[in-house]
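Let me begin by presenting the structure, written as structure tokens, before commenting on it.
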Amino acid sequence: MTETAQHPTIPLNARRMRPADMTRDAGAFADLMTTRRSVREFSPDPVPEAVIEAAVRAAASAPSGANLQPWRFAVVTSPARKRRLREAAEAEEREFYSRRAPAEWLDTIAPIGTDWHKPFLETAPVVIVVFEVHQGPRSPKPYYVKESVGIAVGLLIAALHHAGLATLTHTPVPMRFLNEVCERPPEERPYLVMPVGYPAADARVPDLSRKPLSEVMVRC
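Per full-length UniProt numbering, residue 1 is the first one in the sequence shown, and the count goes up by one each step.
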């Protein structure tokens, strides 16, 4: 890339590893991530604030359209605010499960055993509400918003799991109540909710399997 006055550049700070080390590290990371599970039963034990900050910093390193970084991570730790969040989410979810959810969807999630009850939104010591940032008084028009925020959330999940914390991606429908709970402006649109913490000592997860590599990877 040629540097111009309009487009300054800096040297790339990159390392080139030996193939054997690359294979070892890539395999170790993959092995770690295969132990990740969505958790709905949390310990109320507090987690280090610095760990949450580091995980969000990792998420915020994600690529984004035109480098506009259209994300906001609202970290909720107040018990009162978490209770408000849970009550509002359960009200929407109760309506969704009882009236709005199509039968096909309910049949698909039946093996997981989820319903409108969301106690994890109050039990988990931290809840991260992720917002998409759209054009507004304080933000320019962004591009590829959902793709950019989705990549950032993937990094956030990996960073939290790497630190030994459990989480869950929760998407109540609709989600606009989150702006009021988190006191965020209208140009920020809720993307998803992530309770974060240590899993409860007796936590259990559904007995699910993942597709093998041969089914999800193709060589073209």
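We put the CB at the ideal spot given by N, CA and C, even for glycine.
query                                                                                                                                                             : result
Considering W71, what are the terminal residues of the beta strand (DSSP E) in which it resides?                                                                  : W71 to V76
With three or more beta-carbon pairs closer than 8 Å as the criterion, would you say the region 178 to 188 touches the region 63 to 77?                           : yes
Just how far apart, CA to CA, sit C220 and P142?                                                                                                                  : 33 Å
For V216, I'd like the list of residues in its chain whose CB is within less than 6 Å of its CB, leaving aside the five on either flank, ordered along the chain. : none
Looking at C-alpha atoms only, which residue of L165, G197, P206 and A152 is the closest neighbour of A59?                                                        : A152
From D45 to P195, what distance separates their C-alpha atoms?                                                                                                    : 13 Å
Check whether the Cβ atoms of Y37 and V205 lie closer than 8 Å to each other.                                                                                     : Per the sequence presented here, residue 37 reads as Arg, with Tyr not at that position. Yes.
Take Y144 and list the residues in its own chain whose beta-carbon comes closer than 6 Å to its own, dropping the five residues that flank it on each side.       : G65
Do the CB positions of E95 and Y191 come within less than 8 Å of each other?                                                                                      : no
Which value, in whole angstroms, describes the spacing of the CA atoms of Y198 and G154?                                                                          : 19 Å
Rounded C-beta distance between P174 and E90? I'm assuming under 8 Å.                                                                                             : Not confirmed; about 14 Å, so no contact.
Figure out for me which residue from G150, L32, D115 and T108 has the closest Cα to the Cα of A166.                                                               : L32
Please classify R94: does DSSP put it in a helix, a strand, or coil?                                                                                              : helix
So, at 7 Å on beta carbons, what are the nonlocal neighbours of A158 in its own chain, with the 5 sequence-adjacent residues on each side left out?               : M33
Which term fits H7, buried or exposed, when burial requires 16 or more other beta carbons within 10 angstroms of its beta carbon?                                 : exposed
Grab the span of the beta strand (DSSP E) containing P190 for me, first residue to last.                                                                          : E188 to G197
What's the call for L10, buried or exposed, on a 16-neighbour Cβ count within 10 Å?                                                                               : In the sequence as presented, Leu is not what sits at residue 10; that position holds Ile. By the neighbour-count rule (16 or more Cβ atoms within 10 Å), I10 is not buried but exposed.
What did DSSP end up calling E53 once you bin it into helix, strand or coil?                                                                                      : helix
Near A200, what residues of its chain come up, given a Cβ to Cβ distance below 7 Å and the 5 sequence neighbours on each side ignored?                            : E41, F42 and S43
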